[in-house]
Each structure stands twice: as C-alpha cells, then as structure tokens.
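Each remark here refers to the structure printed beneath this line.
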Amino acid sequence: MDGFFNLMLRIDMTQQSFEMIKLPDSLLGSKLGGKGLATHLLLEYNPGGVDPLSSGNHLVFAVGPVSKTAIWGSCRHGVFTKSPQTGCYSESYSGGAAAESMSAVGFDAVMIHGAAAGPVWLEVCEETVYFHPADDLWGLDTYTTEDRVKAWLKDNRPQAKKPGVVCIGPAGENQVTFAVIENDYWRSAGRTGVGAVLGSKQIKAVAFWGSRRRTMADEGLVKAFAKELAKGAKDNPGVTAYKTMGTPMLVDIMNTAGGFPTEYWRKGKAEHAHKINAKALHERCDVKPHACLKCFMACGRLATVKQGRHKGLTVEGPEYETIYAFGGLCKIDSIEEIIHLNDMCDRLGIDTITAGNLAALTIEAARQGKIDMAIGYNDVDAIAALLENIALRRDIGAVLARGIRFTADQWGMQDQAIHVKGLEPAGYDPRVLKGMGLAYGTSDRGACHLRATFYKPELAKMIDPEQIQGKADMFAEWEDRLTIFDALILCRFYRDMYQWEQLETIIKGTTGLALDSRSMRAIATRISNDTRRFNLREGLSAADDQLPPRFYKEPLPESNKVIHKSQMAQLLKEYYAARGWNEKGEPPDQDL
Ligand code: SF4
252 MDGFFNLMLR
262 IDMTQQSFEM
272 IKLPDSLLGS
282 KLGGKGLATH
292 LLLEYNPGGV
302 DPLSSGNHLV
312 FAVGPVSKTA
322 IWGSCRHGVF
332 TKSPQTGCYS
342 ESYSGGAAAE
352 SMSAVGFDAV
362 MIHGAAAGPV
372 WLEVCEETVY
382 FHPADDLWGL
392 DTYTTEDRVK
402 AWLKDNRPQA
412 KKPGVVCIGP
422 AGENQVTFAV
432 IENDYWRSAG
442 RTGVGAVLGS
452 KQIKAVAFWG
462 SRRRTMADEG
472 LVKAFAKELA
482 KGAKDNPGVT
492 AYKTMGTPML
502 VDIMNTAGGF
512 PTEYWRKGKA
522 EHAHKINAKA
532 LHERCDVKPH
542 ACLKCFMACG
552 RLATVKQGRH
562 KGLTVEGPEY
572 ETIYAFGGLC
582 KIDSIEEIIH
592 LNDMCDRLGI
602 DTITAGNLAA
612 LTIEAARQGK
622 IDMAIGYNDV
632 DAIAALLENI
642 ALRRDIGAVL
652 ARGIRFTADQ
662 WGMQDQAIHV
672 KGLEPAGYDP
682 RVLKGMGLAY
692 GTSDRGACHL
702 RATFYKPELA
712 KMIDPEQIQG
722 KADMFAEWED
732 RLTIFDALIL
742 CRFYRDMYQW
752 EQLETIIKGT
762 TGLALDSRSM
772 RAIATRISND
782 TRRFNLREGL
792 SAADDQLPPR
802 FYKEPLPESN
812 KVIHKSQMAQ
822 LLKEYYAARG
832 WNEKGEPPDQ
842 DL
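Mapped onto the numbering used here, the consecutive letters of the sequence shown carry residue numbers 252 to 843.
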C-alpha cells in the first residue's frame, strides 16, 4: 500500500533474534500507521495484566505514512508500550531527526519484547539487527551515549548515512518509572516512562540506518501541498509567535489567565513570572530558533546561558512545560537555573514535568514534616541533588523513582498529590480551563495535555473556558483530528494549518486513500476505542477518569475558581456519549 512498507520488525531480546512480519492493507487502511498501528499491535501481542517492567511487555517504535516525505511537521516518531508509571496505555512522541532514520530501515513499526541478560545496544538496519554489548555504555548520560554510538557507526559503518540514535540515561537503566528515551540530545519521548521499559530489557540505545523510501500515491501532490503551505505560512501570526518566542510564550499567557500552576498547585499566578518568561529567556541567554527536520516553525530554543555559574551551558529549551514544572511548581525564579535543571533531566533521562511535580511534592512533604529533609521552594541545589538521587535510586530518590502514587502512599499525601492515573498534569490549571479537566481525566495515558491540546481553543476564546454543557462535542472533534495526527505522526504545532481538509490532502497524496472528515473520524474513533479497551483490560474504569480531589475542593486564591465535581460529571457524561461509549465509559465490543 502506498505510504507504508507493509512490514514490521519484531525483536526478541531474550533470544537475540528477530522476525519480519507482513502487515496487510486492510489493517493499515483501517488504523493508519503510528498510534493506530502500534495500539493494534499492543492489543494483539501484549498479555493483559503484564508487568510493564517484565520481559513480557512489548515496546513499539512507530513512524507513519508521512515520515521522510516533504510534509511539514513530519519528522516525529512514537513509542508505545504499557507504562510502568501508570500501569496503563503508554504513548510518547519525539521530534528531532531520528524519525527519518527510523523510516529509512523500511518498517512501519519495530516491536521489541523479551529482555537481554546484560547491557546491549541495538543496530537496526534494512536486512538485519545487530545486538552489540553495551557494558561500556552503561552508566553514561544520554548525550555521551548518543555521541559514542554515532562515533562507532561512523568508524564501522561508513555506508550508514545519517543514522538516528535513541537512548536512555542512568534513570532508564535504573528503571525509574518516568525515565525518557532521548534523541538528538534534547528531544525526548518524555512521558509515561518508556525509558524504564527499554532499561528493563537492558537496551541502552537503538540505532537506525538505511535507505528505504516509502512509495507515495501522488508525490507531485505532496510536494505542491508542502510548497503552498510554506508560502502561506510566511505571514501566519501563529508561526511567527512560535518562531520568535517558542513555547515559553505560554508563561505570560497562562499567568495572565490565572492558570499558571505555582507552589505545587496552590496558586494560579507566579509573582516572579517576569524572571522566567520568554522575554527573560531571550534577554538573559543567547537564543537561536531550532527546528526538527521538515519544520519551518522552529519552536525549539537553542539557549546558551550568558552569565553566572552556568555560563556557557547550552540546551534546546527550556520548553514551557519545563518552566512551569520547575519555575511555577517549585518556584525557581531564575531562567538560568531552570536551564540547569532541564540539562540535568536530559542527561539523566527523566521527564521534566514529572520531575518538577515530584520535587514540589517533596518540598511540601518537608514543609509539613512528613519527611525529614532540608528542601524548600526555590532551593535549586537541593532539587538538583534530588534529581540525581531519583535517577540513581538513592536515599529518598528510591521512593520517588517509583512514581507519585507510591510516594504519596508512603508519605500519607494521597489527598494532596496531583495526578490522574499516576501521571502528573502539564501547566494548565483545570480550575481555570475547564476543558483541560476533561482532557486530564480522559486522556488514555493519564493527565495529558496533548491528546486534544484543548488549552488552545480555550485560551483563544474559541470556546468559553467556563462552559460545561456542550463542550465535549467540540473536545471530541479536536481529539479525533489530533488522533489522526498521531496515526500519521505529525507535530501538533501544525494543528492550525492542518484542518480536516489539509489532512485529506496529506492522506491522499501519501497513501492514496480518499478519506473525508467523516471517514477520518471513524478511524480516530477506532483508535480511541482501542486505547480505551487496552486500559479497561488493565483494570481501569470510569472511576480512573476523575481528577485529583484538590481541583474540586481547593479554590485558586486569585480567582476563587474550582472545577466542581458536578461539572466534571457533566463533562464526562457528554464525552462518553460523544465517543459512543456507555455510561461506564466502555466502548462497544466491536467497531464498525
Ligand atoms: S514546531 Fe517545534 S516540535 Fe514541531 S516540528 Fe517544529 S521544531 Fe519540532
């Protein structure tokens, strides 16, 4: 089928063997690639109730039919598995350049199961898989690991042009439940602990190289579409905003809205926001816009600290979510120090959102005398030490490494811990943006902001953030469109430019499938039903779609806002109906 290789690679780490398995057109046509394909594979191959850190858990790297084409925003790959952080469905996406190498090996998905007896790095090419010992890489940070693997390939595989390398840091090796898989130094499959799953299989890194190209149904259409889009984007204010300010522009936007989570979710405004916003970043650091391959938006900030104790330190970042997690929740009032913590998380290989949330919870535990530890708000060195202890499972880090639910149980803070299904939310307070409450409650991977990115229509006043009745229909439509993004694997920041009409062109040009918005929504529905079935099989129920109690009971001091439990009940009721699920949040047994 055009747009696909109709082939997956299944790697058995225990046996150190692999097989290539054909994928039928009927499957790809009904689920597309990326998330649609990977979720189908997880449902088929993963035993229900499998321990996420056992050899029986499968982890899937997937690309989509747009990968390594001229389509803008297409250089992304997805990682799918059962999460050790939440115990439910796990998906995580990353940009950079690795997706194009992943596509060039000629598989729509690379699925890994089993576990090696000792550290290994994998070399995946068109015809074979090499299992290399990785004892000399074990213990290294992510940057050094990537450098070493690329250097080895340069010396030993001169034919490997532009290999892509994904890897884990010490946190992944130690199976910290929120460890990431990193690529291109600073790009991460960052949420739900996919790095811990790789670590449990003793895989330090995976390199991809090859020269396969997917056939396209209408390459002329794809190229003309891409050219036209780039031309039209020159005057697009959204593109300009991302290019000039990056995601840190959201600090001011969320602070003004009163939904910038501060002091471990006690407040919605930070008095020190001017010290950690996009302006501060651009004034206090040398900043260059930085882009993934196939992107004219360049939302990334390649930032180098100009002065102080971190002078010369460069990261691609910090993203808004990292600023909110450390700058808001932990009240770090220096953009340079946030860059420092960002760099530590990237090197150690941990998710910055979860790390910031757990650091702030630890600060609260210390303040309330639940633990004996010298750590406070804005105490950057104590937070840095905590991050290292988490990655190495040392001292109190051994508790935090098991995630927020375990930590809250240990410290008697169940009522204070902010998470849904074990995943901490991003930087949009649902007491202000009510649709984000629905997003956090119902996202398949826990309190995720990305499945519908509903902060966008609420902040842009496309819908009143306070509206409850009738919101779920619009939410489901956004979620469906972005589910198609995840099946093709497209960057979310192209969401304004890729409406249904543009998606129709992209799918037609790459796969040849003639899909209107109705048929695309039918595919998105099948994918959402599959992820829900996965979670129900793991024992989740509608009760797991509830928000943490503080969002219902504790008003934000600046606005006195909460999201009432009755409001959430209404949102959920309408959402289940919009999804075609019953009142228990269960999809039908069979899809049409
Ligand atoms: S908008 Fe940002 S995340 Fe998306 S492809 Fe471009 S640089 Fe990467």
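Where a beta carbon is used, it is the ideal one built from N, C-alpha and C, also for glycine.
Quick caveat: nothing in here was measured; it's all calculated off a predicted structure.
Margin query: For F726, report the span of its beta strand (DSSP E) as first-last.
Written below: Segment K722 to L739 is the alpha helix (DSSP H) holding F726; no beta strand (DSSP E) there.
Note to self: Are the CB atoms of D842 and N786 within a distance shorter than 7 Å?
What the structure shows: Pairing N786 with D842 gives a Cβ-Cβ distance that is not under 7 Å.
Item checked: Cβ-Cβ distance between G600 and G423 below 7 Å -> Yes, Cβ-Cβ distance for G600 and G423 is below 7 Å.
Next item on the list: Could you work out which residue in P303, Q797 and K685 is closest to F705 when comparing CA atoms only?
Entry: For the residues P303, Q797 and K685, the minimum Cα distance to F705 belongs to K685.
Check: Roughly how many whole angstroms lie between the Cα atoms of K333 and G559?
Finding: Distance between the alpha carbons of K333 and G559: 42 Å.
Notebook entry, point to check: R327: buried (16+ other C-beta within 10 angstroms of its C-beta) or exposed?
Noted result: Using a 10 angstroms sphere on the CB of R327, the tally of other CB atoms reaches 16 or more, which defines it as buried.
Next item on the list: Let me know the alpha helix (DSSP H) ranges lying completely inside the stretch 680 to 704, each 4 residues or longer, listed in chain order.
Entry: For the stretch 680 to 704, whole alpha helix (DSSP H) runs of length 4 or above, ordered along the chain, are 685 to 693.
Next item on the list: May I ask you to list the residues that DSSP assigns as paired with Y219?
Entry: Absent from the model: residue 219. The displayed extent of the chain is 252 to 843, so no value can be given.
Item checked: Close beta carbons around R463, own chain, < 8 Å, minus the five adjacent residues each side -> Around R463: F256, S354, A355, V356, G357 and E377.
Note to self: Can you check which of these residues, M548, K557 and Y628, is closest to G579 by C-alpha distance?
What the structure shows: Minimum Cα distance to G579 is reached at Y628.
Notebook entry, point to check: Any idea if P512 is buried or exposed, counting beta-carbon neighbours within 10 angstroms, 16 or more meaning buried?
Noted result: Label assigned to P512: buried.
Next item on the list: Could you pull out every residue in the same chain whose Cβ sits closer than 7 Å to the Cβ of L480, ignoring the five residues on either side in sequence?
Entry: Sequence-distant partners of L480 (beyond 5 residues in either direction) whose C-beta falls short of 7 Å from its own C-beta, in its chain, are W323 and M748.
Notebook entry, point to check: Going straight from the alpha carbon of P414 to that of G519, what length do you get?
Noted result: If you draw a straight line from the Cα of P414 to the Cα of G519, it comes to about 44 Å.
Item checked: CA nearest to the CA of R261, picked from M252, D253, M271 and G254 -> If you compare the alpha carbons of M252, D253, M271 and G254 with that of R261, the shortest gap goes to M271.
Check: Under the criterion of a Cβ to heavy atom distance below 6 Å, does G329 qualify as lining the ligand SF4?
Finding: Result no, Cβ not under 6 Å from the ligand SF4.
Item checked: Residue from F459, I432, A458 and W437 with nearest C-alpha to V448 -> For V448, the closest alpha carbon among the candidates F459, I432, A458 and W437 is that of I432.
Note to self: Taking 7 Å as the limit between beta carbons, can you name the residues of its chain near N528, skipping five residues before and five after?
What the structure shows: So the list reads P499, V502 and D503, once near-sequence residues are dropped.
Check: Between which two residues does the beta strand (DSSP E) carrying G551 extend?
Finding: Its beta strand (DSSP E) spans residues G551 to V556.
Check: Taking one C-beta from the stretch 330 to 348 and one from the stretch 753 to 762 each time, how about it: are there three or more such pairs within less than 8 Å?
Finding: With a cut-off of 8 Å, the stretch 753 to 762 and the stretch 330 to 348 do not count as touching, because too few Cβ pairs lie within range.
Checklist line | Assigned exposure category for I750 - 16 Cβ within 10 Å defines buried | finding: Here residue 750 turns out to be Gln, not Ile, going by the sequence shown. Of the residues assessed, Q750 falls on the exposed side of the cut-off, its CB having fewer than 16 other CB atoms within 10 angstroms.
Check: Thinking just about the alpha-carbon of each residue, which of A542, M362, P676 and A711 is nearest to the one in A576?
Finding: Per the Cα distances, P676.
Next item on the list: For D508, collect the residues of the same chain with a Cβ closer than 7 Å to its Cβ; drop the 5 residues on either side in sequence, then sort them by chain order.
Entry: It is Ala, not Asp, that sits at residue 508 in the sequence shown. Contacts found: V683 and L710.
Notebook entry, point to check: What did DSSP end up calling N640 once you bin it into helix, strand or coil?
Noted result: N640: helix per DSSP, three-state reduction.
Notebook entry, point to check: DSSP on H309, reduced to helix/strand/coil?
Noted result: DSSP places H309 in coil when its eight states are reduced to three.
Checklist line | Beta-carbon proximity of N434 to A349, cut-off 7 Å | finding: At the C-beta level, N434 and A349 come within 7 Å of one another.
Next item on the list: With a cut-off of 8 Å on the beta carbons, I'd call V671 and G654 a contact; round off their distance for me.
Entry: No, V671 and G654 are not in contact; Cβ-Cβ is about 13 Å, not under 8 Å.
Check: In terms of DSSP beta bridges, what is T756 paired with?
Finding: In the DSSP assignment, T756 forms no beta bridge with any residue.
Notebook entry, point to check: Looking only at C-alpha atoms, which of V317, L258 and H700 sits nearest to L292?
Noted result: Out of V317, L258 and H700, L258 has the C-alpha closest to the C-alpha of L292.
Next item on the list: Please list, in chain order, all residues of the same chain as N506 whose beta carbon is under 7 Å from its beta carbon, the five residues on each side excluded.
Entry: Counting only Cβ-Cβ distances below 7 Å, and skipping sequence neighbours, we find K520, A521 and A524.
Notebook entry, point to check: Looking at the structure shown, is D533 part of a helix, part of a strand, or coil, going by DSSP?
Noted result: The displayed chain sequence assigns His, not Asp, to residue 533. DSSP places H533 in the helix class (H, G or I) of the three-state scheme.
Notebook entry, point to check: Is M353 near the ligand SF4, judged by its Cβ being under 6 Å from some heavy atom?
Noted result: Relative to the ligand SF4, M353 has its C-beta separated by 6 Å or more from all heavy atoms.
Notebook entry, point to check: Just to confirm, are L637 and A616 a CB contact at a threshold of 7 Å?
Noted result: At a Cβ-Cβ threshold of 7 Å, L637 and A616 do not count as neighbours.
Notebook entry, point to check: Roughly how many angstroms lie between the CA atoms of L754 and F269, to the nearest whole one?
Noted result: Using only the alpha carbons, I get a separation of about 35 Å.
Check: Where G497 and R552 are concerned, what is the direct C-alpha to C-alpha distance, given to the nearest angstrom?
Finding: Between G497 and R552, the C-alpha separation is close to 7 Å.
Margin query: I'd like to confirm something about G324: is its beta-carbon nearer than 6 Å to some heavy atom of the ligand SF4, or not?
Written below: Indeed, a heavy atom of the ligand SF4 lies less than 6 Å from the Cβ.
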